[in-house]
Amino acid sequence: KQEVTQIPAALSVPEGENLVLNCSFTDSAIYNLQWFRQDPGKGLTSLLLIQSSQREQTSGRLNASLDKSSGRSTLYIAASQPGDSATYLCAVRHGNKLVFGAGTILRVKS
Amino acid sequence: GAVVSQHPSRVICKSGTSVKIECRSLDFQATTMFWYRQFPKQSLMLMATSNEGSKATYEQGVEKDKFLINHASLTLSTLTVTSAHPEDSSFYICSARRTSGGVRTDTQYFGPGTRLTVL
């Protein structure tokens, strides 16, 4: 059974800091990995999708890496802003399903 | 970008009543839609996978007679919570996997969610 773990569970940083969110998964037979953002009481916004054959994807201040063999992904956020405050979810596509981690709650203080 | 809508965004109902939640892909076709449930401060749990024109596939532990799913067209799936009870109160989120030119793509697009409160 695929399990996804995210560390840390919560993170509070001052504005401007660079930060790293971690995601690990138990079964390396994934199709792809996706990072999402969720604001309180809202749905999910897809940030980055990394195919299993790729090592990383970048979008603006966000960079996600994937090491499939070791079952790990990181989301790097550069120059964090208060508007980045949200819950960040990692999900792997295993078969036809997305399996989600519990998320990292990020708070960026101004 | 691809948009998925859900209606209603919030619903409060009495125990024993049924509630229908609609999920629509507004600008793309989706042969497959997914229904998730999210408890406070927890992650999304897949309830069922809905395929257009066929029966939904439910995850282990999800009662198919309680959570009725219908995927009648390539842009609409509905989730009906029958005989709702307070323990069914939760945040329900749908997702649609985009199909383009008959080819299923990888990205899932998520709706804004429906907050169900059963009194």
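Chains as they are written, first to last, in the numbering used here: chain A, 1 to 110; chain B, 111 to 229.
Where a beta carbon is used, it is the ideal one built from N, C-alpha and C, also for glycine.
| Asked | Found |
| --- | --- |
| Among Cys90(A), Lys109(A), Ala102(A) and Leu106(A), whose alpha-carbon lies nearest the alpha-carbon of Ser46(A)? | Cys90(A) |
| Could you have a look at Asp67(A) and say whether DSSP puts it in helix, strand or coil? | strand |
| Can you tell me whether Pro82(A) is helix, strand or coil according to DSSP? | helix |
| Given that Gln218(B) touches chain A, what residues does it touch there, using C-beta distances under 8 Å? | Gln34, Ser46 and Leu98 |
| Any idea what DSSP makes of Glu197(B), helix, strand or coil? | helix |
| What does the Cβ neighbour count give for Gly101(A), buried or exposed, with the cut at 16 atoms within 10 Å? | buried |
| Just mark Gly83(A) as buried or exposed, buried being the case when its beta carbon has 16 or more other beta carbons within 10 Å. | exposed |
| Could you tell me whether the Cβ of Ile203(B) comes closer than 7 Å to any Cβ of chain A? | yes |
| Arg107(A) and Ser85(A) - do their beta-carbons sit closer together than 7 Å? | yes |
| Do you know how far the Cα of Leu98(A) is from the Cα of Ala194(B)? | 27 Å |
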